[in-house]
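Undergrad: According to my numbering, the residues represented by the sequence shown are 116 to 466, in order. Even for Gly, the Cβ is constructed at its ideal location relative to N, Cα and C. As the structure is a computational prediction, the values presented were derived from the model and not from experiment.
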Amino acid sequence: MAGVEIGGLSTVYPNGVRAVDGLDLGVVDGELFALLGPSGCGKTTLLRTIAGLEQATDGKVLIGGRDVTREQPGSRGVAMVFQDYALFPHMTVAENIAYPLRVRRAPKARQREVAERTAAGLSLSGLLDRRPGQLSGGQQQRTALARAVAVEADVLLLDEPLSNLDARLRLEARTFLKRLQRELALTTVFVTHDQAEALALADRIAVMESGRIRQLGTPREVFQRPADTFVANFIGSTPMNLLDGVVRGDGVECVGALLPLPADLADGTPVVVGVRPEYLTVAAEGIAGRVSIVENLGVTSLVTLECAGGTLVGLTVPEQEEPAVGDALHACPAPGRLLCYGEDGLLLGAV
Ligand code: ADP
Ligand code: MG
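1. Grab me the residues of D244's own chain with a C-beta within less than 8 Å of its C-beta, minus the 5 sequence neighbours each way, in chain order.
2. With a threshold of 7 Å on Cβ separation, who are the neighbours of R363 within its own chain once the five nearest residues in sequence on each side are excluded?
3. Is the CB-CB distance between R405 and G429 below 8 Å?
4. Please return the same chain residues whose Cβ sits closer than 7 Å to the Cβ of E186, not counting the five positions on each side in sequence.
5. Between the alpha carbons of R294 and R220, how many angstroms are there, rounded?
6. Distance, Cα to Cα, F338 vs C455?
7. What first and last residue would you give for the alpha helix (DSSP H) that runs through G253?
8. Look at R329 and D343 and say whether their C-beta atoms are less than 8 Å apart.
9. To the nearest angstrom, report how far apart P377 and D199 are at their CA atoms.
10. Between L316 and R340, which are expected to be in contact by the criterion C-beta below 8 Å, what is the C-beta distance as a whole number of angstroms?
11. Under a Cβ-count criterion, where at least 16 other Cβ atoms within 10 Å of its own Cβ denotes burial, should L412 be classed as buried or exposed?
12. Taking 7 Å as the cut-off, is the CB of A134 close to at least one heavy atom of ligand 1?
13. From the DSSP output, which residues share a beta bridge with Q330?
14. Which one of Q310, L273, A403 has the shortest CA to CA distance from G506?
15. Cutting at 8 Å between CB atoms, please list the residues of its own chain near V361, excluding the five before and the five after it.
16. Bridge partners of Y456, per DSSP?
17. Give the single residue among S154, L138, L124, V176 whose Cα lies nearest to the Cα of A117.
18. Going by CA-CA distance only, name the one from R246, Q226, T160 that's closest to L202.
19. Ignoring anything shorter than 3 residues or poking outside the segment 358-384, list the beta strand (DSSP E) runs there in chain order.
20. Let me confirm a value: G451 is counted as buried when at least 16 other C-beta atoms fall within 10 Å, else exposed. Which label applies?
21. Hey, quick one: how far does the beta strand (DSSP E) through F148 stretch, first residue to last?
22. Bridge partners for N411 per DSSP, in chain order?
23. Does any heavy atom of ligand 1 sit closer than 7 Å to the C-beta of N130?
24. State the Cα-Cα distance for the pair D379 and D365, rounded to the nearest angstrom.
25. Nearest to C156 by CA position, among Q249, H308, G401, is which residue?
26. Quick one: does the C-beta of D274 sit closer than 7 Å to a heavy atom of ligand 2?
Structure below.
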């Protein structure tokens, strides 16, 4: 078992693209850690640099406290599952799983034993003699995971492990991956562009943009207190309300209301007020507006309110009567959930 430490890491491609840009990161032993960010932000490059498949231009990679920056992939103690699984099409499931052992010239009996044991843990027992072409997407994914687990590495690196699955299988695979990781207590770094997946699975998340980390925290921290407006925009199934405001006295003038201000700022300072729809209830009091859209979500409804100088999206509470388009209603932020961002986009505080 081992943690991963990254210090001042940069990876520059020969064409000059700085895909990882002076990045610091610590993954704790046994942790399930997510690298989250939009396409092209450098997630795969970072993972490949940890694995040793890309050479770091600057900085260090430590695994289990050991500096592996100049080591070959094979000696780093990592196993990586690629986005497209990269299974060998001409080998059976059993041969695919046992491949890392074959490379190490383990005895045939041992190869079969490990393949059978790992396959059983991943509900693949009945499929050991099939080839990848005869498997569903989910089965291929489990085979790729089984092969990575059979490496008996210290650190498991997964690049978009669930991205090729359809929505329903993805939910199943998510639960399964979490259970497997807990059982093995294997330090795992997984890459995803799907914020919901990162929030659901990870112990901690690093939100990346342009080769750097914008925020590192628990799913709760990243969801409730996004460090800047980029993270605020990126995280959440429904986009956060982000509205321009101006400091007036000890409040913020915004959407026709004077809202509390969590920082001491000069009169006239422009700020951005942020509040998640999940923390904005549609009620009889609060910021006045008129209902323009109602979307039924099952237990609650997502309600769009046209307010003076802006639009707010909030939620009804369970059992609340569904508002109708045209109703005059109010949006009421939950205590502590009104966020205030400065002109530079950085979080000033919450109130
Ligand atoms: P992500 O996995 O977050 O989508 P990548 O790590 O694949 O991002 O890519 C980060 C940046 O590096 C992108 O601008 C991409 O175009 C560039 N890039 C990726 N691989 C290479 C490569 N082999 N050569 C040159 N540029 C690359
Ligand atoms: Mg990628």
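TA: Checking against the coordinates, here is how it stands:
1. T207, V208, A209
2. L373, D382
3. no
4. G167
5. 30 Å
6. 15 Å
7. 252-265
8. yes
9. 46 Å
10. That pair is no contact at about 20 Å.
11. exposed
12. yes
13. V322
14. Within the shown structure, residues of the chain are numbered from 116 to 466, placing residue 506 beyond reach of any answer.
15. V367, E368, C369, G383, T384, P385, V386
16. The bridge partners DSSP lists for Y456 are V387, L462.
17. Taking only the C-alpha atoms, the option nearest A117 is V176.
18. R246
19. 366-369, 372-375
20. exposed
21. 147-151
22. S416
23. yes
24. D379 and D365: Cα-Cα distance of roughly 7 Å.
25. H308
26. yes
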